[in-house]
Amino acid sequence: MFRNLSYKVQKRITIISFLILPVLFLIVFTFIPAMNMIWYSFTDWNGYSLTKRFIGFANYKRIFTNPANFKPLFNSLYYFFGGLIQIAIAFYFAVVLNSKVFAKNVFKGLFFFPYLINSVAISLIFVFFFQPQGTLDAVLKLFGITGMPQWLGNPHIANYSLAATSIWRYFGYNFIIFLGAIQSIPDDIIEAAVLDGASAWQRTRYITIPSVKNIIKLNLILNISGAISVFEIPYIMTSGANGTNTFVIQTVNTAFTLQHVGLASAMAVVVLIIVSVTTILSNVLIKGDD
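In the working numbering, each residue carries its 1-based index in the sequence shown increased by 150.
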C-alpha cells in the first residue's frame, strides 16, 4: 500500500515517522516540565506536599521586592566580562593558527581539549589548583612570589578565580568556532589583499572580522546567556560561599534546601525570560544587520 502512494506523500510519511519520537521526547521531557514549572511559580508548593496552594504573582513580587534575591545576579558580571576576554583571546589564537604556524594541529588539540573534559572534573581540578599551598601558590613561589591570598576563600578574589576557571573551560569552544569561520573565508580574497600590500592587521581588520561578524555576535549571545545561567563551576568549587553565589545556585538552594519550590520556580522563570529576551533581541539585531 505504501508503494502505491506518490513520492511526495511517501516523503512526508517518512519525515513524520522520523520526527515522532524526537518530538515526543521534546514534549515529555522539555515542554511539559516547563509548563509545570510555570504553574509551580504561582503556588507556595514545598516540593512534597500533595496540595499546591495558588497564590498568584506573590512569588514574583517577592523576588522583585527583595534585593537579596537579585544580588547574586550581579555576580554574573564577572563571568560576562570574563567571557569577553575569552572571546578576544579565542579570536586572536584562531587568527594566528589559521596561518602557517609550526605544529599548529598540536596547538588546536591542546586548546580544544579542556572543552572535552566534564565540568565537574575541571572544577575539582581547579579546587586543588587554587587551594592554599596548592599548584598556583607553588608555581608563584618558584618566581619568588609569596604571601598569596586565599584564591577561593577571599570574597574580593574568589569570583575572579571562578571566572578565570570558566575562561579556561570554554576557551576551546570559541576557538574552534572562530577557526572554522575564518577557514571558510575564500583564499582568493586573502591572496588579493596580500598582493595589494595589506598587512596582517589590515587583513584581519578589513577582511577577517567583517567576514565572521555573525559568529562573533553568536558568541556574544552565548556569553550573555551563559553568564546569567552559570552554575556548575561556582557550585562545585565554592557552593556559592564567600560572595560567589549566583542566581541559579540560589534558585537550587531555595528549592531543595529551603523547600520553597514555588519561589524557586518563579526564579527559574525569571532566568528563562531574561535569557530568552536576550537571545531574541540579539537574533533580531543580527538579522537586521544582515
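Where is the CB? At the ideal position from N, CA and C, for every residue including glycine.
| field | Beta-carbon spacing of residue 328, residue 362 below 8 angstroms | value | Taking 8 angstroms as the Cβ cut-off, residue 328 and residue 362 qualify as a contacting pair.
| Leaving out the 5 sequence neighbours to the left and right, which residues in its chain are closer than 6 angstroms to residue 396 when beta-carbon positions are compared? | For residue 396, same chain residues with a beta-carbon under 6 angstroms away, outside a window of 5 residues either side, are 222, 225, 380, 384 in chain order.
| said: For a test of the three-state rule: what should DSSP assign to residue 441, helix, strand or coil? | reply: As displayed, the chain neither begins before 151 nor continues past 440, which places residue 441 out of reach and without an answer.
| request: Look at the alpha carbon of residue 326 and the alpha carbon of residue 215, and state the distance between them as a whole number of angstroms. | output: Rounded to whole angstroms, residue 326 to residue 215 spans 43 angstroms at the Cα level.
| Whose CA, out of 349, 201, 366, 389, lies closest to the CA of residue 235? | For the set 349, 201, 366, 389, the Cα lying nearest the Cα of residue 235 is the one of 366.
| Who does residue 201 pair with in a DSSP beta bridge? | Per DSSP, none; premise fails for residue 201.
| message | For residue 195, which residues in the same chain have their Cβ closer than 7 angstroms to its Cβ, ignoring the five residues on either side in sequence? | response | Cβ neighbours of residue 195 beyond the five flanking positions: 202, 411, 412.
| task | Please classify residue 354: does DSSP put it in a helix, a strand, or coil? | result | Residue 354: helix per DSSP, three-state reduction.
| message | Excluding the 5 residues flanking residue 228 on each side, which residues of the same chain have their C-beta closer than 6 angstroms to its C-beta? | response | Hits under 6 angstroms: 309, 313.
| field | Chain-order list of residues whose beta-carbon lies under 6 angstroms from that of residue 414 (same chain, five-residue window excluded) | value | 401, 404, 405, listed in sequence order.
| task | Taking residue 319 as the reference, give the member of 305, 269, 360, 285 with the closest Cα. | result | Restricting attention to 305, 269, 360, 285, the CA atom closest to the CA of residue 319 is found in 269.
| With distances taken between CB atoms, is the gap from residue 398 to residue 427 smaller than 8 angstroms? | Taking 8 angstroms as the Cβ cut-off, residue 398 and residue 427 do not qualify as a contacting pair.
| task | Identify whether residue 139 lies in helix, strand or coil by the three-state DSSP scheme. | result | Residue 139 cannot be examined here, being either before or after the span of the chain that is shown, 151 to 440.
| Can you name the start and end residues of the alpha helix (DSSP H) that residue 401 belongs to? | Its alpha helix (DSSP H) spans residues 397-406.
| field | Residue from 191, 272, 249, 198 with nearest C-alpha to residue 213 | value | Answer by Cα proximity: 191.
| As assigned by DSSP and simplified to three states, the class of residue 302 | In the three-state reduction of the DSSP assignment, residue 302 falls in the coil class.
| message | Less than 8 angstroms between C-beta atoms, sequence neighbours within five positions excluded: which residues of the same chain meet that for residue 263? | response | The residues are 322.
| field | Continuous alpha helix (DSSP H) stretch holding residue 275: start and end | value | Counting along the chain, the alpha helix (DSSP H) containing residue 275 begins and ends at 269-280.
| For the ligand NAD, any of its heavy atoms closer than 7 angstroms to the Cβ of residue 350? | The ligand NAD is absent from the structure shown, which contains no ligand whatsoever.
| field | Three-state secondary structure assigned by DSSP to residue 380 | value | In the structure shown, residue 380 adopts coil according to DSSP, grouped into three states.
| query | residue 328 lies in the alpha helix (DSSP H); which residues open and close that run? | reply | Element bounds for residue 328: 308-333.
| field | Candidates 258, 388, 315: closest to residue 286 by CA position | value | Taking residue 286 as reference, the option from 258, 388, 315 with the minimal CA-CA separation is 315.
| Helix, strand or coil for residue 348 per DSSP? | Coil at residue 348, not helix or strand.
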